[in-house]
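**Q**
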């Protein structure tokens, strides 16, 4: 069951990353079922951890929502979309509350490095929008594979 769930998670995250990279949007028809799927997987495999994964989903959404609201208030423009909030909620559903800081750190570091590479190689102007979803997808999947705290032992 864990292998099938891992394949489903990986394929869905890959689809989200490709769509966000091309269109600058995270489609609800992929992210919302991913949240439900993560919670259902936990309910059937590690029911004792379900609360922490539901808390991770809620905290993931609220964290991005709060950052977006703060950015909008301070800068007067959109900085991060609610698709990213739903995607981090899915990450919390699959990996749990304790994995959210690791997901955000890894995704932010990868995004920053990629932005610097683009700046150096293409002389990309500062302030140009860049999708965050592909970096979130990669971080979620890597942390899932590594075995986030409270996550089921996928490869054992």
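Residue numbers (my numbering): -16 to 139. Even for Gly, the Cβ is constructed at its ideal location relative to N, Cα and C.
#1: In angstroms with no decimal places, state the Cα-to-Cα distance between residue 1 and residue 117.
#2: Tell me whether residue 76, by its Cβ, gets closer than 7 Å to a heavy atom of the ligand MN.
#3: Can you tell me whether residue 115 is helix, strand or coil according to DSSP?
#4: CB residue 13 to CB residue 37, shorter than 8 Å?
#5: Quick one: Cα of residue 107 to Cα of residue 7, how far?
#6: Between the Cα of residue 87 and those of 115, 30 and 104, spot the shortest distance and give me the residue it belongs to.
#7: For residue 124, is the classification buried or exposed, using 16 other Cβ atoms within 10 angstroms of its Cβ as the cut-off for buried?
#8: Rounded to whole angstroms, what is the Cα-Cα separation between residue 44 and residue 72?
**A** This is what the structure gives:
#1: 7 Å
#2: Looking at this structure, you won't find the ligand MN or any other ligand, since it has none at all.
#3: coil
#4: no
#5: 17 Å
#6: 115
#7: buried
#8: 5 Å
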